[in-house]
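Undergrad:
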Amino acid sequence: MSSFTAEDRAAMADSVRRLLADLCTEADIRRAMESEAGYDAALWTALVELGVAGLVIDPAHDGLGGGPVELEAIMEEVGAALLPAPLFAVTMAAALIAACGDAAASDRLLPGLARGRIATVALTGEAGTWTPEGVALAAHAHGERWFLDGTASYVLHGAAADLVLAVARIEGGFAIFEVAPDAPGLAVERLQSFDRTLRLAKMDFRHVPATRLGQAGWEAVEAMLRLALVALAGEQAGGARRVLEMTVQYAKTRIQFGRAIGSFQAIKHMAADLLLESESATSAARAAAEALASGAPDAAEAVHLAAFACADAYAKTAADAIQMHGGIAFTWAHPAHLYLRRARADLHLLGAPAYHRERFLQAMGA
Amino acid sequence: MSSFTAEDRAAMADSVRRLLADLCTEADIRRAMESEAGYDAALWTALVELGVAGLVIDPAHDGLGGGPVELEAIMEEVGAALLPAPLFAVTMAAALIAACGDAAASDRLLPGLARGRIATVALTGEAGTWTPEGVALAAHAHGERWFLDGTASYVLHGAAADLVLAVARIEGGFAIFEVAPDAPGLAVERLQSFDRTLRLAKMDFRHVPATRLGQAGWEAVEAMLRLALVALAGEQAGGARRVLEMTVQYAKTRIQFGRAIGSFQAIKHMAADLLLESESATSAARAAAEALASGAPDAAEAVHLAAFACADAYAKTAADAIQMHGGIAFTWAHPAHLYLRRARADLHLLGAPAYHRERFLQAMGA
Amino acid sequence: MTARFLKPVSDDELRAEVRAFLKEHWKGLPHRSDQWTVGPEQRAWQAKVVDARWAVNRWPVEWYGRGLADRQAKIVEAEFAAVRAPGAGQDRTHLYAITAFNFGTETMKAALLRSMLTGDINMCLLYSEPGAGSDLAGVRTKAEPDGGDYVVTGQKVWTSGAMTADYGMLIARTDWDVPKHNGISFFFLPMKQPGVEVRPLRQVTDEAHFNEVFIDGARVAGDFMLGGLNNGWRVLQTALAYERSVMGDAARGPRRGGDRATMVDLAREAGRLGDPVTRQHLAQVIAWRRLNALNNARAKADLKLGTSSSVMSLGKLAMSRILHEEARFRTMLLGAQSLLEGEANPRADDANFLSLNAYFTSIGGGTDQIQRNIIGERVLGLPKEPEIDRTVPFRDVRAG
Amino acid sequence: MTARFLKPVSDDELRAEVRAFLKEHWKGLPHRSDQWTVGPEQRAWQAKVVDARWAVNRWPVEWYGRGLADRQAKIVEAEFAAVRAPGAGQDRTHLYAITAFNFGTETMKAALLRSMLTGDINMCLLYSEPGAGSDLAGVRTKAEPDGGDYVVTGQKVWTSGAMTADYGMLIARTDWDVPKHNGISFFFLPMKQPGVEVRPLRQVTDEAHFNEVFIDGARVAGDFMLGGLNNGWRVLQTALAYERSVMGDAARGPRRGGDRATMVDLAREAGRLGDPVTRQHLAQVIAWRRLNALNNARAKADLKLGTSSSVMSLGKLAMSRILHEEARFRTMLLGAQSLLEGEANPRADDANFLSLNAYFTSIGGGTDQIQRNIIGERVLGLPKEPEIDRTVPFRDVRAG
């Protein structure tokens, strides 16, 4: 599917890494997270120019034609750098559009996303579960025209989105709709998020006109979610590795009792355990990407394994990192808590670890 | 209920401790566990002479009239010394007889138990759950006479017992029966137990004549089980403290890299965590004993809390103790595994920790 | 100088006297939200208590006390507690006053002790530094003699109450040529002077309960040194021991306060009380808190019996686990809701706040790792690690 | 002496040659249960392989090899593997032969190397001592020169295969007056001599796979010292590195063997596959093993790509958790059944055996604690602890 070689992939990841090292410093992150939009337009433009916004979009629609493997690799960089940007939302939207198999819609919408238009997906409500039961919107047809009702929540970058893909119940199943953010009856409210690099919105739909994309149902959502879970796993693995590196670096230089604190077994052994966690997360995320890319029969297993293993690993690594730093990481000025906030957000963004453990067993047939 | 003062209790525990230090050394334990009976008759006689066999039996029946608090205190010593003896079985039997409220039966049976007669309780089957659902025997009345059928398992010291108290289903509930070990139709088979200081038997009942004790039903069993759980919790707390002491002592004297291994944080911090576990177990066991003794309304909560907290603490302490000792504890000749075997046995003797966590919540009304 | 003891009285006489005092004078106090200072009504009340010699019963007569034995002092405290009147028992609870009383010069005690007991003087702690957290003996704030004064320069952190404090209990280095524990002195530093600048420290929870204190050429009188020159480590150890025994369970609940929802309530509210996985987790979380309470009760009972207890020292370590695990449980109950915070999302705000604030306990006042060292060494008697900087002159010790 | 290399051949020529050899000679081997020695049929086969120079392709011609590059050697190994014939690739897998080849004297190599490769000589490891477990540099077995020989006295432990071994790789102290790492020498000790007594060691699992070896005045020729006098620590480090790379995942399954029940099967069999609490535990236990397999696969792929991998060193630590947690899961599934053992109770016997045997991995070959040190220091680059006995003469080092 993807035409990337291993070298292409490495070069791409390297470009992104260097861009983020330049334009996504801790100061940039803090500036973005205090801003209304939650991201820096110049950084987003630079990412779009690198092709990142259209990474998984087909070249026919001006994208790079990357697949899960390329996405995962870039998301490791995104996670390491704590990138505050609508990349994840746009990627979900692009994947969902492509999964609908509506050629006209793809022609109409995907090139815009590849060029930086901000799109997002509205599906779940208050419960925040990305499952058929969690779908919060209902669609009703009046002749040829569709209208949506209900309240979607946890919509990523919902307030900034220029295009909303809505998943809604229809008679006998689900359907996917295109909605304009300024459509009549649509009210968007920003939610206050614990991870301040994250932008979430609640979207209240009251008889909002919408355009159905193809005849796709839940299977398209499932395809999108698998790709999104791989992306999230990559972000988590990258974040875990980076926050551990940061902590190990500190442990080498921070002196207490006349010794670097990393020479104490209490710290050294925590670091060793976290290396196991973060390397396992990396292996899981990459294996899930490869399984999905190759259409392996056990792809669902691999994806749900990565989902809970990476989520737990990142949460543990970021949490222990604060403990290992000691008092300095109890200050707002230190970046460790930014990683913890992201890790805690990622823990529940697309379903809790317990949910993915259950799905993992089901995928195994157990 | 109990007429023991704190001083009486301390003196009693002290006597038992000194007796066990003399007659229940590691060599004695190993000898007993390789023997058929599983206990040393001389040691049992000595314990009986101290009054331990009749500790919870009323003075009217030649016992000491102790309650849960005295029993728990003695069981801490029993656990610390890894006593291989039928004390726990006899205590369960005595408590069950007393709970039946059958004065004639108490007069007939309890004095014998106080004087060292070996008795035990048969209740559960293959599943090994000490719950109404777990009762494996059924009783049928023929006129005035009762007969038992079914297979009871995990019967403590079943092969050595001189008296069997059987819990069996009757129409509309449960009843408690006295059975002679040589009754026709009763076949006893010794089970091979992982904890070799433990003797377990399977008892096959085929139309075995039995004498019903009073009109008591499940409530008597429940009363017996609460006392037994307190006793078990005491054993676990005592075992956990002793195996930790042993390990700390080793860590002070074992030299590697020119230092006592206990000076390394890896070992020192494990020991600190285990101290928290074993002290918490001790607090839980004693609090449960006090709550049961005083008839506190939250006694059931306290008992089930102790049941899982002490089981988990002992299992963790005994397991970590082996790791902390290193290679020496991987040998049969070292006593650490004897504690691990006991801890693992105690973990499931009267229900798994998960079961007691559930009962704890139910007792809280949650 | 007056006698060190008042005339002995019987328990009944004492009880009658304190009851009469309370009956005549105690009228209650208005509610006050400021946690750092003592309000004017309370100060007036405490002045009355001090002058009637009820504040520090165990202390001698020349220092506002009655020279009572512990047993009788507790009678007084019980009577105050019965009517919820503050001000008694400060010889057990007022960390600063106790330290001043035990180690201060006569001059300093005469100047400050009464005002400390009445609440007219507010205090803070100037111990930790950016480079000396776990390793307090590594402080680099220096105090240099200048006439009868000392001139202090350095930086302190994690100071609560510094904004309102009149004096700070300070450890500073007075000798750089001896091993680190031997060159520290302990001062009461006046805070309201030009060389002392207090800046609020934004915490990870986005609150600012603590401060950084920048000290640049601030002055403190030689009489305000406690315990003598270069003896500060010993004074500090004693003060820390008081602090630990006073502090007990000081962990905060949810930010919003007032909410007494139990873990069971939260699980029920989340619709998860019927979920077996949640129930197992719930039981364990409740158990950890119960077990700690049982341990504390046992420790107190053991103390009464006069036997020493190893259980006491475990409380802080236990509380650290309790707080982190309760926060984790709350988070799991909330699921995606835990992505949110703010007043519109009170449960999520609590869970997220508590998940961060748990580090106050697991790091502050000695990290869990330091605490395990202490338990291993002082309670279990395990040998210390080789301390490579214990015997070298402080100026040769590595810092970073 | 012959040339170090044979005439270069192309890949295709090489492949053709090895195929022809296998086609002509390889007829399979009978099944054999003895795990400690090599059977006569296999020895005969391996002699053929050695003499045809397929056993150690990378080694030079004078030592049974062909001086092949790694790439070509792998071609040979792949052909052997394709028909499941043993004996090739011993230059990567035969720990003892590799050590002898790299560090042995010419005399020793001439005497032993061929027999080692054919399987005529059995070997064991004489490293650990009762007083030197985690700290192998603390060995106290002594080797004293006597004529051209060394006389060895001491005690070794945790030796597998000692009963059948002809030689043991021994570390012994040859200089007591230098720091501990500098006074150790490495020998091939002949085991079949009067001064060597082997006693089986009863393990915690009630098996005896290991032995204690009591050495009292046993002799070893000076030519059987490897790497030179007092250079044994370096030889040992290399041998241990080979061992780690060869060992991989050597953890044993259930005692009875042959049972391939997965964790899912066990849960189903226990009637607990529908229990949500069990399912969460089950998923996690499966995940740990899967993640380790994924890590290993990634490490291997990284090696192929020529980048170094930090993942490799994590395998042993990961396996320790896997084995302990799987045993715990099995135990929980069984409930009261876990009280039992023996052939009548196979599931319980497995769970109990595995719960004890897990310590073989978490203690043997370096405890988890030592493993975390290694990962922290060698992989993450964290500084070592102060080593108080590294520079003092060994006779002054504390032991116990």
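Residue numbers (the numbering used here), protein chains in the order written: chain X, 218 to 583; chain W, 218 to 583; chain B, 49 to 448; chain C, 49 to 448. We put the beta carbon where it would ideally sit given N, CA and C, even for glycine.
How long is the line joining the alpha carbons of G275 (chain B) and F151 (chain B), rounded to whole angstroms?
TA: As a working mapping, residue 275 (chain B) is identified with position 227 in the third sequence. As a working mapping, residue 151 (chain B) is identified with position 103 in the third sequence. Roughly 5 Å between the two C-alpha positions.
Undergrad: Label L373 (chain X) either buried or exposed according to how many other C-beta atoms from any shown protein chain fall within 10 Å of its C-beta, with 16 as the threshold for buried.
TA: Here residue 373 (chain X) refers to the residue found at position 156 of the first sequence. Answer is buried; the Cβ neighbour count reaches 16.
Undergrad: In the segment 423 to 441 of chain C, which residues sit with their C-beta less than 8 Å from some C-beta in chain X, listed in chain order?
TA: I423, G424, E425, V427, L428, G429, L430, P431, K432, E433 and P434
Undergrad: When you check each C-beta in the segment 243 to 261 of chain C against every C-beta of chain W, which residues fall closer than 8 Å?
TA: Cβ contacts with chain W: L249, R250, Q251, V252 and D254.
Undergrad: Counting only beta-carbon atoms, is L578 (chain X) nearer than 8 Å to chain B?
TA: Here the question's residue 578 (chain X) lines up with position 361 in the first sequence. False, the Cβ-Cβ gap to chain B never drops below 8 Å.
Undergrad: Can you list, in chain order, the residues of its chain with a C-beta nearer than 7 Å to that of G296 (chain C)? Leave out the 5 residues immediately preceding and following it.
TA: For this step, residue 296 (chain C) is matched to residue 248 along the fourth sequence. In this prediction, G296 (chain C) scores a pLDDT of 48, lower than 50, which makes its location untrustworthy; no coordinate-derived value is stated.
Undergrad: Check distances from the C-beta atoms of the segment 177 to 206 of chain B to those of chain X and list, in chain order, the residues that come in under 9 Å.
TA: Cβ contacts with chain X: P178, G179, A180, G181, S182, D183, A185, G186, V205 and W206.
Undergrad: Under DSSP, the beta strand (DSSP E) around C317 (chain X) begins and ends at which residues?
TA: Translated into the one-based positions of the first sequence, residue 317 (chain X) becomes position 100. Careful: C317 (chain X) lies outside any beta strand (DSSP E), inside the alpha helix (DSSP H) at L304 to C317.
Undergrad: Tell me whether W206 (chain B) is buried or exposed, calling it buried when 16 or more other Cβ atoms sit within 10 Å of its Cβ.
TA: Taking the first residue of the third sequence as position 1, residue 206 (chain B) is located at position 158. Buried is the call here.
Undergrad: Do D223 (chain C) and A269 (chain C) have their beta-carbon atoms positioned less than 8 Å apart in this structure?
TA: Translated into positions along the fourth sequence, residue 269 (chain C) becomes position 221. Translated into positions along the fourth sequence, residue 223 (chain C) becomes position 175. No, these two residues do not count as a Cβ contact at 8 Å.
Undergrad: Report the partner residues of N27 (chain C) according to the DSSP bridge assignment.
TA: This structure leaves residue 27 (chain C) out entirely; chain C is present only between 49 and 448.
Undergrad: Under 8 Å, Cβ to Cβ, is there at least one residue of chain B near V124 (chain C)?
TA: Here residue 124 (chain C) corresponds to residue number 76 of the fourth sequence, with the count starting at 1. No, no contact with chain B.
Undergrad: Say yes only if the C-beta of R221 (chain B) is nearer than 7 Å to one or more non-hydrogen atoms of the ligand FAD, and no if none qualify.
TA: For the structure depicted, the ligand FAD is absent and the ligand set is empty, with no information on it obtainable.
Undergrad: Measure the Cβ-Cβ separation of M156 (chain B) and A148 (chain B) and say whether it is below 8 Å.
TA: Taking the first residue of the third sequence as 1, we reach residue 156 (chain B) at position 108. Taking the first residue of the third sequence as 1, we reach residue 148 (chain B) at position 100. Yes; because the gap between Cβ atoms is below 8 Å, this pair is in contact.
Undergrad: Should A270 (chain W) and V307 (chain W) be called a contact, given that it needs their Cβ atoms to be closer than 8 Å?
TA: Working through the second sequence from its first residue, we reach residue 270 (chain W) at position 53. Working through the second sequence from its first residue, we reach residue 307 (chain W) at position 90. Taking 8 Å as the Cβ cut-off, A270 (chain W) and V307 (chain W) qualify as a contacting pair.
Undergrad: Please check if any C-beta of chain B sits within less than 8 Å of the C-beta of S410 (chain X).
TA: Numbered from 1 along the first sequence, position 193 holds the residue referred to as residue 410 (chain X). Yes, because at least one Cβ of chain B sits closer than 8 Å to the Cβ of S410 (chain X).
Undergrad: Against V325 (chain C), what residues of chain B qualify as contacts under a CB-to-CB distance less than 8 Å, listed in chain order?
TA: By one-based count along the fourth sequence, residue 325 (chain C) stands at place 277. Within chain B, the residues near V325 (chain C) are P324, V325 and Q328.
Undergrad: Let me check one thing: in DSSP terms, what residues is H359 (chain X) bridge-paired to?
TA: By 1-based counting over the first sequence, the position of residue 359 (chain X) is 142. Under DSSP, H359 (chain X) forms a beta bridge with X:R362.
Undergrad: For a contact defined as C-beta to C-beta under 8 Å, what are the partners of S33 (chain B) on chain W?
TA: Chain B is shown only over 49 to 448; residue 33 (chain B) falls outside these bounds and no answer can be derived.
Undergrad: Please work out which residues of its chain come closer than 6 Å, Cβ to Cβ, to G135 (chain C), disregarding the five sequence neighbours upstream and downstream, and give them in chain order.
TA: Within the fourth sequence, residue 135 (chain C) is the residue found at index 87, counting from 1. Hits under 6 Å: Q94, V97 and A103.
Undergrad: M541 (chain X) lies in the alpha helix (DSSP H); which residues open and close that run?
TA: Within the first sequence, residue 541 (chain X) is the residue found at index 324, counting from 1. Start and end: A516 to H542.
Undergrad: Out of X:L288, X:Y531, X:F411 and X:D239, point me to the one whose CA is closest to F401 (chain B)'s CA.
TA: On the third sequence, residue 401 (chain B) is found 353 positions in, with the first residue counted as 1. Nearest C-alpha to F401 (chain B): X:F411.
Undergrad: Count the other C-beta atoms from every protein chain shown that fall within 10 angstroms of the C-beta of G390 (chain X), then say buried if there are 16 or more, exposed otherwise.
TA: To locate residue 390 (chain X), count along the first sequence from 1; it is residue 173. Label assigned to G390 (chain X): exposed.
Undergrad: Quick one: grab the DSSP three-state call for M581 (chain W).
TA: Here residue 581 (chain W) refers to the residue found at position 364 of the second sequence. Residue state, collapsed to three classes: coil.
Undergrad: Quick check on the burial criterion: 16 or more other C-beta atoms within 10 angstroms. Buried or exposed for D398 (chain B)?
TA: Indexing the third sequence from 1 puts residue 398 (chain B) at position 350. D398 (chain B) should be labelled buried.
Undergrad: From the DSSP output, read off the bridge partner residues of I232 (chain B).
TA: By 1-based counting over the third sequence, the position of residue 232 (chain B) is 184. Beta-bridge pairing links I232 (chain B) to B:R221.
Undergrad: Just how far apart, CA to CA, sit V265 (chain W) and R235 (chain W)?
TA: Counted from its first residue, the second sequence places residue 265 (chain W) at position 48. Counted from its first residue, the second sequence places residue 235 (chain W) at position 18. The straight-line gap from Cα to Cα measures roughly 15 Å.
Undergrad: Determine the DSSP secondary structure at H73 (chain B), reduced to helix, strand or coil.
TA: Taking the first residue of the third sequence as position 1, residue 73 (chain B) is located at position 25. Looking at H73 (chain B) - three-state DSSP - the assignment turns out to be helix.
Undergrad: Kindly identify the DSSP beta-bridge partner or partners of M367 (chain C).
TA: Locating residue 367 (chain C) in the fourth sequence gives position 319, counting from the first residue. Answer is none; M367 (chain C) lacks a bridge partner.
Undergrad: Measuring only the C-alpha atoms, how far is Q473 (chain W) from Q466 (chain W)?
TA: For the purposes of this step, residue 473 (chain W) is taken as residue 256 along the second sequence, with counting starting at 1. For the purposes of this step, residue 466 (chain W) is taken as residue 249 along the second sequence, with counting starting at 1. Spanning the two alpha carbons is a distance of roughly 15 Å.
Undergrad: Between A316 (chain X) and M441 (chain X), how many whole angstroms is the CB-CB distance? I'm expecting something under 8 Å.
TA: Here residue 316 (chain X) refers to the residue found at position 99 when the first sequence is read from its first residue. Here residue 441 (chain X) refers to the residue found at position 224 when the first sequence is read from its first residue. Correct: roughly 5 Å between the Cβ atoms.
Undergrad: Roughly how far, in whole angstroms, is the beta-carbon of C314 (chain C) from the beta-carbon of L381 (chain C), given that I think they are within contact range, below 8 Å?
TA: The count along the fourth sequence starts at 1 and reaches residue 314 (chain C) at position 266. The count along the fourth sequence starts at 1 and reaches residue 381 (chain C) at position 333. Checking the sequence, you will find Leu at residue 314 (chain C) rather than Cys. Indeed, because the Cβ distance is near 6 Å, the residues count as touching under 8 Å.
Undergrad: Is Y407 (chain B) near Q540 (chain X), with beta carbons less than 8 Å apart?
TA: Here residue 407 (chain B) is taken as the residue at index 359 of the third sequence, counted from 1. Here residue 540 (chain X) is taken as the residue at index 323 of the first sequence, counted from 1. Yes.
Undergrad: Leaving out five residues before and five after H329 (chain B) in sequence, what residues of the same chain have Cβ atoms less than 8 Å from its Cβ?
TA: For the purposes of this step, residue 329 (chain B) is identified with residue 281 of the third sequence, where counting begins at 1. Here the set comprises F377 and M380.
Undergrad: Consider the Cβ of L351 (chain B): report whether some Cβ of chain W lies at a distance smaller than 8 Å.
TA: In the third sequence, the residue the question calls residue 351 (chain B) occupies position 303. No, because no Cβ of chain W sits closer than 8 Å to the Cβ of L351 (chain B).
Undergrad: Identify each residue in the segment 551 to 581 of chain W for which the Cβ-Cβ distance to at least one residue of chain B is less than 8 Å, and report them in chain order.
TA: A571, R574, E575, F577, L578 and M581
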